[in-house]
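Each position in the sequence shown, counted from 1, maps to that position plus 50 in this note's numbering.
C-beta atoms are modelled at their ideal positions from N, C-alpha and C, and glycine is treated no differently.
Below is one structure, written out as structure tokens, with a few remarks after it.
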Amino acid sequence: QKAVLRRLSVFAGAFSFDSAVAVCEDDVSADPYDAIDELVLKSLITIDTGTDIARYRLLEVTRAYALEKLKDAGELVAASRSHAQHVCSVFERLEADSPLYGAAWDAGRARWMDDIQLAVQASFCTLSDPGLGMRLLGATASVWYQRSLMDEYRTRAEEALEKAGDPAEQPAATLMRLWYSLVLCYWYTRGPGPDMARAARRTFDLARRSRSVDFERLALWGLWQERNGSGDYAEALGLAREYAALTPPGTEPEAAIMGGRMMQWSLHLVGEQASSREEATMALSLIRRIDHRHVLGRYQLDPHAATNAALARALWLRGFPAEALAVAAQAVQSARSAQHALTLCFALFNQCTVLLWCGRWADLDRQADALIEVSTVLRLGLWKGWGQTFKDAYAYGAQCVVVPQWRNPICSLLQIEVMATVSDELLDEEALVRAEA
51 QKAVLRRLSV FAGAFSFDSA VAVCEDDVSA DPYDAIDELV LKSLITIDTG TDIARYRLLE
111 VTRAYALEKL KDAGELVAAS RSHAQHVCSV FERLEADSPL YGAAWDAGRA RWMDDIQLAV
171 QASFCTLSDP GLGMRLLGAT ASVWYQRSLM DEYRTRAEEA LEKAGDPAEQ PAATLMRLWY
231 SLVLCYWYTR GPGPDMARAA RRTFDLARRS RSVDFERLAL WGLWQERNGS GDYAEALGLA
291 REYAALTPPG TEPEAAIMGG RMMQWSLHLV GEQASSREEA TMALSLIRRI DHRHVLGRYQ
351 LDPHAATNAA LARALWLRGF PAEALAVAAQ AVQSARSAQH ALTLCFALFN QCTVLLWCGR
411 WADLDRQADA LIEVSTVLRL GLWKGWGQTF KDAYAYGAQC VVVPQWRNPI CSLLQIEVMA
471 TVSDELLDEE ALVRAEA
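So, in structure tokens, the structure goes:
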């Protein structure tokens, strides 16, 4: 019982009976089952039976005491390795069992976050095993993104790649997951740039060599997003078409939805608003056929909210401002219901654009504040920059104040183009040349 109690102190939070056994059985000579039951009877382990699977937990005082005993017994390294490998195996199984684009999200995965962070930390420090850290980060990426912890994930992933040594010694699947996850990290925390392009290209090359169509699509999404951010909308449209070609009609609806969203946004940016709306309509039709409430495209956005958010801009440009405002508001509400910060940022960004174009200054000021608040808490530099851009647009439009340093280096060239719609005083010559082209 003492040995089991020491071992269970490696859990940062609640754990299942199976997880308890997994971290104990490799180093406890006696059967751990009876020991766990006895510890529950002694109230050294608490149990919550109010969920589908009973959850066990050590009270903080008990855990601190047992953790000290674990260190004193010289068992910390072994216990930390068992814990990290168990977390890794749990999520590798979940990744294998879930569709690549639409793993169902549930509170059960969210409960693992503390243990994931602890296991990753142990892999670098206690265990000095960056390879295990890479496996953990690759397998658990969905949890970090659902919790909108991109900045922390980016730091850990870069550390793992730096310390892991020769990449050829690592499994291709692990490297692909890690590089693609970095694509998203760079996009949401730093915006488009060389780091994002490099990560997307690494993902694409690994996918081609491994003949992984799934990751080839994911890499194309990253390259497409980087080209959009760099203002090369024509090349981005070509990448969107290349993505769509990898998903034959009638197959893989989640991938088809992503392809539709990419075509919708690219056509919007090259000025084909009618075609953009058609793509949005088809994507929304596909979304209605699946239970999108529990599906977030792979580490991406709620598809229903994101499609409507982008549609609002096209509606305004087509001459339907009232409908654009309504659809934009609906997208924000859907994003709040999904309780997903990245989706909310994207929806607020599009809503602020429509509010700006409609001259709804007070509403623009309020929603820009909301965008800044969400993005600041989660350290999402891209969206915080956009929030400040809309505040500067409000200052000019409502108060006739030109903000001298309104450009944010994290934002994409689309920021310059949006500000050019506020006034000729804010028009950038390069943006004008690009628009005429």
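Cβ separation of residue i and residue j, assumed to be a contact under 8 Å, to the nearest whole Å
| i | j | result |
| --- | --- | --- |
| V71 | H133 | Between H133 and V71 the Cβ distance is about 13 Å, and since that is not below 8 Å, they are no contact. |
| G241 | G431 | 7 Å |
| D201 | R57 | Wrong, their Cβ atoms sit about 32 Å apart, outside the cutoff. |
| L89 | V54 | 7 Å |
| W315 | A360 | 5 Å |
| A85 | Q51 | 5 Å |
| T301 | G309 | That belief does not hold up - the Cβ atoms of T301 and G309 are roughly 11 Å apart, past 8 Å. |
| A381 | A397 | 4 Å |
| Y283 | L228 | Going by Cβ atoms, the distance from Y283 to L228 rounds to 29 Å, so no, they are not a contact pair. |
| L414 | Y444 | 5 Å |
In DSSP terms, what residue i is bridged to
| i | result |
| --- | --- |
| D98 | R105 |
| F65 | Y106 |
Residue i - containing alpha helix (DSSP H), residue span
| i | result |
| --- | --- |
| H390 | Here H390 belongs to no alpha helix (DSSP H), and DSSP marks it neither H nor E. |
| F254 | 244 to 260 |
| K92 | First-last for K92: undefined, no H or E at that position. |
| A448 | 431 to 449 |
| T331 | 323 to 337 |
| V367 | Note on residue identity: the sequence assigns Leu, not Val, to residue 367. First-last of the alpha helix (DSSP H) with L367: 353 to 367. |
| V483 | 479 to 486 |
| F174 | 163 to 174 |
| D264 | 263 to 279 |
| A418 | 411 to 427 |
| S2 | This structure gives no information on residue 2, because the portion of the chain shown stretches from 51 to 487. |
| R311 | 303 to 319 |
| E125 | Careful: E125 lies outside any alpha helix (DSSP H) and carries neither H nor E. |
| R57 | 52 to 58 |
| E212 | 200 to 213 |
| A470 | 463 to 470 |
| L476 | Premise fails: L476 is in no alpha helix (DSSP H) and is neither H nor E. |
| E227 | At residue 227 the sequence reads Arg, which differs from the Glu that was named. 222 to 239 is the extent of the alpha helix (DSSP H) around R227. |
| A290 | 283 to 295 |
Buried versus exposed call for residue i [16 or more other C-beta atoms within 10 Å across all chains shown]
| i | result |
| --- | --- |
| P244 | exposed |
| S425 | buried |
| K434 | buried |
| A114 | exposed |
| Q449 | exposed |
| C74 | buried |
| S69 | buried |
| L394 | buried |
| M469 | buried |
| V451 | exposed |
| C235 | buried |
| C461 | buried |
| V483 | exposed |
| G279 | buried |
| T331 | exposed |
| G272 | buried |
| R327 | buried |
| V427 | exposed |
| S335 | exposed |
| R206 | buried |
| T357 | buried |
| G321 | exposed |
| G124 | exposed |
| P299 | exposed |
| Q383 | exposed |
| T471 | exposed |
| G437 | buried |
| S93 | exposed |
| D442 | buried |
| S473 | exposed |
| G183 | buried |
| S130 | buried |
| S198 | buried |
Contact test: residue i Cβ vs the ligand NAP heavy atom, cutoff 6 Å
| i | result |
| --- | --- |
| E209 | Ligands displayed in this structure: none; no statement on the ligand NAP is therefore possible. |
TODO: Say whether the region 381 to 388 touches the region 402 to 414, bearing in mind that this needs 3 or more beta-carbon pairs closer than 8 Å, one atom from each stretch.
DONE: no
- Query: Taking three-plus beta-carbon pairs below 8 Å as touching, is the region 104 to 122 in contact with the region 169 to 182?
  - Reply: Touching, no.
Can we say the region 215 to 226 touches the region 172 to 191, given the rule of at least three CB pairs closer than 8 Å? yes
- prompt: On the three-pair Cβ rule with 8 Å, is the region 136 to 143 touching the region 91 to 105?
  reply: no
**Study point:** Touch test, the region 250 to 262 against the region 205 to 223, Cβ-Cβ under 8 Å, three pairs minimum
**Key:** yes
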